[in-house]
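Line by line, the protein sequences are chains A and B.
Going by my numbering, the first residue of the first sequence is number 1, and it counts up by one from there.
Going by my numbering, the first residue of the second sequence is number 461, and it counts up by one from there.
Comments concern the structure below.
Protein chains: 2
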Amino acid sequence: MAYFDAASALPLHPVARQALVAAEADGWADPARPHREGRRARMLLDAARETAADAVGCRPDELVFTSSGTSALHRGVAGALAGRVRAGRHLLVSAVEHSAVLHAAEAHRAAGGTSAEVPVDRLGRVAPDAVAEALAAAPGPTALACVQSANHEVGTVQPVAEVAEVCRAAGVPLLVDAAQSLPWGRVEGAWSLLTGSAHKWGGPGGVGLLAVRKGTRFAPPGPVDERESGRAPGFPHLPAIVAAAASLRAVRAEAEAEAARLTALVERVRARVPELVEDVEVVGDPVRRLPHLVTFSCLHVDGEALLHALDRAEFSVSSGSSCTSSTLTPSHVLRAMGVLSEGNVRVSLPPGTARAEVERFLDVLPGAVAGVREQLLGPAASPAPAVDDGEELVVDALGRRCPAPVIELARAIGRVPVGGTVAVLADDVAARLDIPAWCEMRGQEYLGETGQAHRVRRLA
Amino acid sequence: MAYFDAASALPLHPVARQALVAAEADGWADPARPHREGRRARMLLDAARETAADAVGCRPDELVFTSSGTSALHRGVAGALAGRVRAGRHLLVSAVEHSAVLHAAEAHRAAGGTSAEVPVDRLGRVAPDAVAEALAAAPGPTALACVQSANHEVGTVQPVAEVAEVCRAAGVPLLVDAAQSLPWGRVEGAWSLLTGSAHKWGGPGGVGLLAVRKGTRFAPPGPVDERESGRAPGFPHLPAIVAAAASLRAVRAEAEAEAARLTALVERVRARVPELVEDVEVVGDPVRRLPHLVTFSCLHVDGEALLHALDRAEFSVSSGSSCTSSTLTPSHVLRAMGVLSEGNVRVSLPPGTARAEVERFLDVLPGAVAGVREQLLGPAASPAPAVDDGEELVVDALGRRCPAPVIELARAIGRVPVGGTVAVLADDVAARLDIPAWCEMRGQEYLGETGQAHRVRRLA
Numbered sequence: 001m002a003y004f005d006a007a008s009a010l011p012l013h014p015v016a017r018q019a020l021v022a023a024e025a026d027g028w029a030d031p032a033r034p035h036r037e038g039r040r041a042r043m044l045l046d047a048a049r050e051t052a053a054d055a056v057g058c059r060p061d062e063l064v065f066t067s068s069g070t071s072a073l074h075r076g077v078a079g080a081l082a083g084r085v086r087a088g089r090h091l092l093v094s095a096v097e098h099s100a101v102l103h104a105a106e107a108h109r110a111a112g113g114t115s116a117e118v119p120v121d122r123l124g125r126v127a128p129d130a131v132a133e134a135l136a137a138a139p140g141p142t143a144l145a146c147v148q149s150a151n152h153e154v155g156t157v158q159p160v161a162e163v164a165e166v167c168r169a170a171g172v173p174l175l176v177d178a179a180q181s182l183p184w185g186r187v188e189g190a191w192s193l194l195t196g197s198a199h200k201w202g203g204p205g206g207v208g209l210l211a212v213r214k215g216t217r218f219a220p221p222g223p224v225d226e227r228e229s230g231r232a233p234g235f236p237h238l239p240a241i242v243a244a245a246a247s248l249r250a251v252r253a254e255a256e257a258e259a260a261r262l263t264a265l266v267e268r269v270r271a272r273v274p275e276l277v278e279d280v281e282v283v284g285d286p287v288r289r290l291p292h293l294v295t296f297s298c299l300h301v302d303g304e305a306l307l308h309a310l311d312r313a314e315f316s317v318s319s320g321s322s323c324t325s326s327t328l329t330p331s332h333v334l335r336a337m338g339v340l341s342e343g344n345v346r347v348s349l350p351p352g353t354a355r356a357e358v359e360r361f362l363d364v365l366p367g368a369v370a371g372v373r374e375q376l377l378g379p380a381a382s383p384a385p386a387v388d389d390g391e392e393l394v395v396d397a398l399g400r401r402c403p404a405p406v407i408e409l410a411r412a413i414g415r416v417p418v419g420g421t422v423a424v425l426a427d428d429v430a431a432r433l434d435i436p437a438w439c440e441m442r443g444q445e446y447l448g449e450t451g452q453a454h455r456v457r458r459l460a
Numbered sequence: 461m462a463y464f465d466a467a468s469a470l471p472l473h474p475v476a477r478q479a480l481v482a483a484e485a486d487g488w489a490d491p492a493r494p495h496r497e498g499r500r501a502r503m504l505l506d507a508a509r510e511t512a513a514d515a516v517g518c519r520p521d522e523l524v525f526t527s528s529g530t531s532a533l534h535r536g537v538a539g540a541l542a543g544r545v546r547a548g549r550h551l552l553v554s555a556v557e558h559s560a561v562l563h564a565a566e567a568h569r570a571a572g573g574t575s576a577e578v579p580v581d582r583l584g585r586v587a588p589d590a591v592a593e594a595l596a597a598a599p600g601p602t603a604l605a606c607v608q609s610a611n612h613e614v615g616t617v618q619p620v621a622e623v624a625e626v627c628r629a630a631g632v633p634l635l636v637d638a639a640q641s642l643p644w645g646r647v648e649g650a651w652s653l654l655t656g657s658a659h660k661w662g663g664p665g666g667v668g669l670l671a672v673r674k675g676t677r678f679a680p681p682g683p684v685d686e687r688e689s690g691r692a693p694g695f696p697h698l699p700a701i702v703a704a705a706a707s708l709r710a711v712r713a714e715a716e717a718e719a720a721r722l723t724a725l726v727e728r729v730r731a732r733v734p735e736l737v738e739d740v741e742v743v744g745d746p747v748r749r750l751p752h753l754v755t756f757s758c759l760h761v762d763g764e765a766l767l768h769a770l771d772r773a774e775f776s777v778s779s780g781s782s783c784t785s786s787t788l789t790p791s792h793v794l795r796a797m798g799v800l801s802e803g804n805v806r807v808s809l810p811p812g813t814a815r816a817e818v819e820r821f822l823d824v825l826p827g828a829v830a831g832v833r834e835q836l837l838g839p840a841a842s843p844a845p846a847v848d849d850g851e852e853l854v855v856d857a858l859g860r861r862c863p864a865p866v867i868e869l870a871r872a873i874g875r876v877p878v879g880g881t882v883a884v885l886a887d888d889v890a891a892r893l894d895i896p897a898w899c900e901m902r903g904q905e906y907l908g909e910t911g912q913a914h915r916v917r918r919l920a
């Protein structure tokens, strides 16, 4: 069994497990109480805060623990916006932020605020210039900008320090979602707020952190209490916080060596997958990337079916394809990048992954993809009649989910002469992404979308 | 060392500790992922939900886990209010609810809503008639009523089933904060929403539960995600949830026998404390009460000093006195009841408390109180001159914290003739509560407050 979904969650680091058990004995009481059990808990909490602040690179009194990374983002975005409500009500986020940031932006709009997304390039990178342009184009003063340190789906590392400079020049605070990069090192640059999530570094679930640099205006959203500087209410699971801090320190001590090792393994996957599997697009920045994460999309493959095939072969991976999401829309990250979303697989290696496991994955993958493709494409159909010159071939894929529309397009294209056109009628939103991506991969011309018809000209 | 602060938090139940360690091995992955680690986590989460729902007395799909009892209350109140926003924007809460409910009410008012408090009697009881009156007197349709199942500071059990009937008749949903009573049994009656907190029953901190009965309108507040039916966002600490559910089941299995045992120990404390210590008021309902909790207030005693004296004698208790709270105001619960707040001590016995520990507490208490009183009262002052007939004696205690104003009053009263009056100038808000309470205990007449002057007539 190989677990290659580290970017989602990791098992407890051994140091975290030890700390959790020890702190359950000493740190179960309410740290706000003055009795000795409370004081003992308080000391553990203070020590955990110092450890975490050191790892983040902030002062302990700038850092609070929250009930999850998601909560840190929700509270961080809402608190920073409320703190700057007199400056403005505009929120700027990159188009590839974690869904928790997008949900916070949604809530902000529902409450009467405005928001805009900074686009990314095909590698998923947020250009500092694009941030500057978006700030200049904002409908009013921008209250907050959010840019992640590294993308959780494709691994692209963002130029946070440069973005922070752009924001500083504009007088706009920058919130950095550092969930994916924090295990690997501090986020450099003049960020104003930063968030993290313990289960990404081998700490327990249910522990997030929110750092707010001194001088950043912040008004905690909703009801609060006296805990965590009034920024995160509720009795916490203190032993989990202690374990999270211990784990972060331990993971950081191993980070450099582990990053070098995993970078090489990911390099191997990035190089081999396109050689082993036809019609694959490896996505994300090949150089400025997280050490342990690689994502690729496979044409004519249903992402969910591929996940299950890999699961049967004892590999646990993740997918940003439409078919594994409860909302049935393809990953907003892949959409923003304009890359193929079908048959999407994210491999994120946990620390300690053995080279042999990666090789076994590479052995298994081609068969898994072929199996799914065979099932989808079915037996070779009897050759369909060709279409006459000048006539457009219409393929009706309405009501069918991706990758069916792309598969039908691939089957139909050979029936029109070079220069002829195919119109694919499709209502699955992923088609809007995957038909152009298919054209680019196949050297055909995408003519655009009218209503639900995607028109393609045969070039080859 | 005896820990008598069970109402604040309990150490992990042995069953919870086992479950936590076991679930860290099997339940660390994201239960939303389709791979086998995710599916295993999902199974644990589903089983925990069934166990908790059975203990609460609701359907599993009516119950979600939150990141704390506080969060369950904040989300429950906000969600129920938002769900009924078309019906009205008035919120009714009892005057003795947990501060998390009062904070939620504050946030509701800040957002333009209205709220009112249902008063309690001297035993801390919310009368169903008082709820009916408050509903009738509301400025508009009431969107939600909140009444706890039992009070966390004085142990009074509320007539929730009758209150629920009153609410049902008025078409108003009732939210019951069951944090203190849930370890002891289900909350009977037709409540609409119910909350609980795992560290009150030997589960880990950072786990709360929120039940919303089918048919109750509910609109989750703020940004949400796909977790917990969209009612509690963020990656949870699943092993803690598993441990919480296991602990609740285990505690319930022992509840009846343990309740009988602790009820007798508390009975002993309630009877003996007034015999052992002069000028003590035992507060809360003597009969309809939690089995494990007793609260008393000691005249002429600084609550914080008494807590420290008991801590030195190896007893960990809690206090609702002004002096232990960060806000420097006396407990809103004691204030609502109109009882003495100074020298307040809450004893809440954990399951398994031995009779001998309680006896030792009763041995230690008189000396601890005497020590604090001696320090506060100081050596007997040289007799101050008496005041002539008809003249009012003015005692200036401005700027001095309780219990100083009451101590000065006690010293001054002998200087005026029977029928004469003393005016105590005091700006500590606790004086407003404690001077009338002192008069009642001492058989003197409280004439009321004008500005910062509290006037007392000597009757004896």
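Beta carbons: idealized from backbone N, C-alpha and C, even for Gly.
Exercise for review: Report back the beta-carbon spacing between Thr723 of chain B and Val805 of chain B to the nearest angstrom; my notes put them in contact at under 8 Å.
Suggested key: On the second sequence, residue 723 of chain B is found 263 positions in, with the first residue counted as 1. On the second sequence, residue 805 of chain B is found 345 positions in, with the first residue counted as 1. Going by Cβ atoms, the distance from Thr723 of chain B to Val805 of chain B rounds to 19 Å, so no, they are not a contact pair.
Point to revise | Ser468 of chain B to Ala32 of chain A span [Cα, whole Å] | key: On the second sequence, position 8 is the one that residue 468 of chain B refers to. On the first sequence, position 32 is the one that residue 32 of chain A refers to. Counting only the Cα atoms, Ala32 of chain A lies some 10 Å from Ser468 of chain B.
Check your understanding: Can you name the residues of chain A whose CB is closer than 8 Å to the CB of Asp762 of chain B?
Key -> Translated into the one-based positions of the second sequence, residue 762 of chain B becomes position 302. Near Asp762 of chain B there are no residues of chain A at all, since even the closest Cβ is about 13 Å away, more than 8 Å.
Review point. So, is Asp637 of chain B buried or exposed, given that buried needs 16 or more other C-beta atoms within 10 angstroms?
Key: Working through the second sequence from its first residue, we reach residue 637 of chain B at position 177. Around the CB of Asp637 of chain B, 16 or more other CB atoms lie within 10 Å, so the residue is classed as buried.
Check your understanding: Taking 7 Å as the CB-CB limit, is Pro153 of chain A close to chain B?
Key -> Here residue 153 of chain A refers to the residue found at position 153 when the first sequence is read from its first residue. The identity of residue 153 of chain A in the sequence shown is Glu, whereas the question assumes Pro. No, Glu153 of chain A does not count as interfacial toward chain B.
Check your understanding: Residues bridged to Ala55 of chain A by DSSP?
Key -> For this step, residue 55 of chain A is matched to residue 55 along the first sequence. Looking at the DSSP assignment, Ala55 of chain A forms no beta bridge with any residue, so it has no partner.
Check your understanding: Alpha carbon to alpha carbon, how far is Glu165 of chain A from Gly189 of chain A?
Key -> As a first step, residue 165 of chain A must be located in the first sequence, where it is residue number 165. As a first step, residue 189 of chain A must be located in the first sequence, where it is residue number 189. Their backbone Cα atoms lie some 8 Å apart in a straight line.
Exercise for review: Please name the residue in B:Pro588, B:Lys660, B:Ile701, B:Ala592 whose C-alpha comes closest to that of Thr526 of chain B.
Suggested key: Along the second sequence, read from residue 1 onward, the residue named residue 526 of chain B stands at position 66. Distances from the alpha-carbon of Thr526 of chain B to those of B:Pro588, B:Lys660, B:Ile701, B:Ala592 put B:Ile701 closest.
Exercise for review: Compare the C-beta of Trp28 of chain A against all C-beta atoms of chain B and say whether one is closer than 7 Å.
Suggested key: Working through the first sequence from its first residue, we reach residue 28 of chain A at position 28. Output row for Trp28 of chain A: interface = yes.
**Study point:** Asn804 of chain B - partner residues in DSSP beta bridges
**Key:** Residue mapping note: residue 804 of chain B aligns to position 344 of the second sequence, counting from 1. Answer is B:Ser757.
Check your understanding: Where Arg544 of chain B and Arg677 of chain B are concerned, what is the direct C-alpha to C-alpha distance, given to the nearest angstrom?
Key -> On the second sequence, position 84 is the one that residue 544 of chain B refers to. On the second sequence, position 217 is the one that residue 677 of chain B refers to. Going from the Cα of Arg544 of chain B to the Cα of Arg677 of chain B covers about 6 Å.
Review point. Using a Cβ cut-off of 8 Å, which residues of the segment 514 to 532 of chain B contact any Cβ in chain A, in chain order?
Key: Of all residues in the segment 514 to 532 of chain B, only Ser527, Ser528, Gly529, Thr530, Ser531 place a beta-carbon less than 8 Å from a beta-carbon of chain A.
Exercise for review: Scan the segment 498 to 557 of chain B and note each continuous beta strand (DSSP E) run of 3 residues or more that stays entirely inside, going in chain order.
Suggested key: Runs of the beta strand (DSSP E) spanning 3 or more residues and lying entirely within the segment 498 to 557 of chain B occur at 523 to 526, 550 to 554, in chain order.
**Study point:** chain A contact for His659 of chain B (CB, 7 Å cutoff)
**Key:** In the second sequence, counting from the first residue as 1, residue 659 of chain B sits at position 199. It does: the Cβ of His659 of chain B has a partner Cβ on chain A nearer than 7 Å.
Review point. Which of the three DSSP states, helix, strand or coil, is assigned to Glu851 of chain B?
Key: Numbered from 1 along the second sequence, position 391 holds the residue referred to as residue 851 of chain B. Reduced to three states, the DSSP call for Glu851 of chain B is coil.
Review point. According to the neighbour-count rule (16 or more other Cβ atoms, all chains shown, within 10 Å of its Cβ), is Gly461 of chain A buried or exposed?
Key: In this structure chain A extends from 1 to 460, so residue 461 of chain A is not present and cannot be described.
Review point. Would you report the Cα separation of Pro403 of chain A and Met337 of chain A, rounded to the nearest angstrom?
Key: Translated into the one-based positions of the first sequence, residue 403 of chain A becomes position 403. Translated into the one-based positions of the first sequence, residue 337 of chain A becomes position 337. Between Pro403 of chain A and Met337 of chain A, the alpha-carbon positions lie close to 19 Å from each other.
Exercise for review: Determine the direct distance from the alpha carbon of Val424 of chain A to that of Leu349 of chain A, and round the result to whole angstroms.
Suggested key: Start at 1 with the first residue of the first sequence, and residue 349 of chain A comes out as number 349. Start at 1 with the first residue of the first sequence, and residue 424 of chain A comes out as number 424. If I take the Cα positions, the gap works out to 38 Å.
Point to revise | Helix, strand or coil at Ser326 of chain A according to DSSP, with G and I counted as helix | key: Mapped onto the first sequence, residue 326 of chain A falls at position 326. With a pLDDT of 48 at Ser326 of chain A, under the threshold of 50, the modelled position of this residue cannot be trusted, and the question is left open.
Point to revise | Alpha carbon of Thr602 of chain B to alpha carbon of Gly548 of chain B, nearest angstrom | key: On the second sequence, residue 602 of chain B is found 142 positions in, with the first residue counted as 1. On the second sequence, residue 548 of chain B is found 88 positions in, with the first residue counted as 1. C-alpha separation (whole angstroms): 6 Å.
Point to revise | Partner residues on chain B for Asp46 of chain A, Cβ-Cβ distance less than 8 Å | key: Within the first sequence, residue 46 of chain A is the residue found at index 46, counting from 1. Neighbours of Asp46 of chain A on chain B: none; closest Cβ ~16 Å, over 8 Å.
Practice item. Would you please verify whether the beta carbon of Glu802 of chain B is less than 7 Å from any beta carbon of chain A? Key: For this step, residue 802 of chain B is matched to residue 342 along the second sequence. No, Glu802 of chain B does not count as interfacial toward chain A.
Check your understanding: Which runs of the alpha helix (DSSP H) spanning at least 4 residues fall entirely within the segment 691 to 770 of chain B, listed in chain order?
Key -> Taken in chain order, the whole alpha helix (DSSP H) runs of length 4 or more contained in the segment 691 to 770 of chain B are 698 to 736.
**Study point:** Local Cβ density within 10 Å of Asp465 of chain B, reported as buried at 16 or more and exposed below that
**Key:** Here residue 465 of chain B refers to the residue found at position 5 of the second sequence. Buried is the call here.
Practice item. Output, in chain order, the set of chain B residues within a Cβ distance shorter than 9 Å of Phe361 of chain A. Key: Position 361 of the first sequence, counting from 1, holds the residue named residue 361 of chain A. Neighbourhood of Phe361 of chain A in chain B, by CB distance below 9 Å: empty, with the nearest CB roughly 13 Å away.
Review point. Since Pro11 of chain A meets chain B, which of its residues come closer than 9 Å, beta carbon to beta carbon?
Key: In the first sequence, counting from the first residue as 1, residue 11 of chain A sits at position 11. Neighbours of Pro11 of chain A on chain B, chain order: Glu484, Ala485, Trp488, Ala489, Glu497.
Exercise for review: Any chance you could list the alpha helix (DSSP H) runs of at least 4 consecutive residues sitting entirely within the segment 391 to 440 of chain A, in chain order?
Suggested key: If you keep only unbroken alpha helix (DSSP H) runs of at least 4 residues inside the segment 391 to 440 of chain A, you get 404 to 413.
Exercise for review: Compare the beta carbon distance of His568 of chain B and Ser559 of chain B with 7 Å and say whether it is the shorter of the two.
Suggested key: Taking the first residue of the second sequence as position 1, residue 568 of chain B is located at position 108. Taking the first residue of the second sequence as position 1, residue 559 of chain B is located at position 99. The answer is no: Cβ separation not under 7 Å.
Practice item. Classify Gly763 of chain B as buried or exposed, calling it buried when 16 or more other Cβ atoms lie within 10 Å of its own Cβ. Key: Here residue 763 of chain B refers to the residue found at position 303 of the second sequence. When all chains shown are included, Gly763 of chain B counts as buried.
Check your understanding: Using a beta-carbon distance cut-off of less than 8 Å, what residues from the segment 682 to 713 of chain B approach chain A?
Key -> So the close ones are Gly682, Pro683, Val684, Asp685, Glu686, Pro693, Gly694, Phe695, Pro696, His697, Leu698, Pro699, Ala700.
**Study point:** Interface positions of the segment 545 to 574 of chain B facing chain A (Cβ-Cβ less than 8 Å), listed along the chain
**Key:** With the criterion set as a beta carbon lying under 8 Å from some beta carbon of chain A, the members of the segment 545 to 574 of chain B are Ser559, Ala560, His563, Ala564, Glu566, Ala567, in sequence order.
**Study point:** Contacts around Leu480 of chain B, its chain only, beta-carbon distance under 6 Å, and the 5 residues preceding and following it disregarded
**Key:** Looking up residue 480 of chain B in the second sequence gives position 20. Around Leu480 of chain B: Pro699, Ala703.
Point to revise | Buried/exposed call for Pro734 of chain B, threshold 16 Cβ in 10 Å | key: Here residue 734 of chain B corresponds to residue number 274 of the second sequence, with the count starting at 1. The residue is exposed, with fewer than 16 neighbouring Cβ atoms inside 10 Å.
Check your understanding: Exposed or buried, Thr784 of chain B, counting other C-beta atoms within 10 Å across all chains shown (16 or more means buried)?
Key -> As a first step, residue 784 of chain B is located in the second sequence; it is residue number 324 there, counting from the start. Because Thr784 of chain B carries a pLDDT of 40, less than 50, the predicted location of this residue cannot be relied on, and the following value inherits that uncertainty. Here Thr784 of chain B is buried, its C-beta having at least 16 other C-beta atoms within 10 Å.
Exercise for review: Hey, could you find the ends of the beta strand (DSSP E) Ala913 of chain B is sitting in?
Suggested key: On the second sequence, residue 913 of chain B is found 453 positions in, with the first residue counted as 1. Unbroken beta strand (DSSP E) run through Ala913 of chain B: 913 to 917.
Check your understanding: Taking a cut of 9 Å between CB atoms, which residues from the segment 304 to 317 of chain A lie near chain B?
Key -> When CB distances to chain B are screened at a threshold of 9 Å, the residues of the segment 304 to 317 of chain A falling below it are Glu304, Leu307, His308, Leu310, Asp311, Glu314, Phe315, Ser316, Val317, in chain order.
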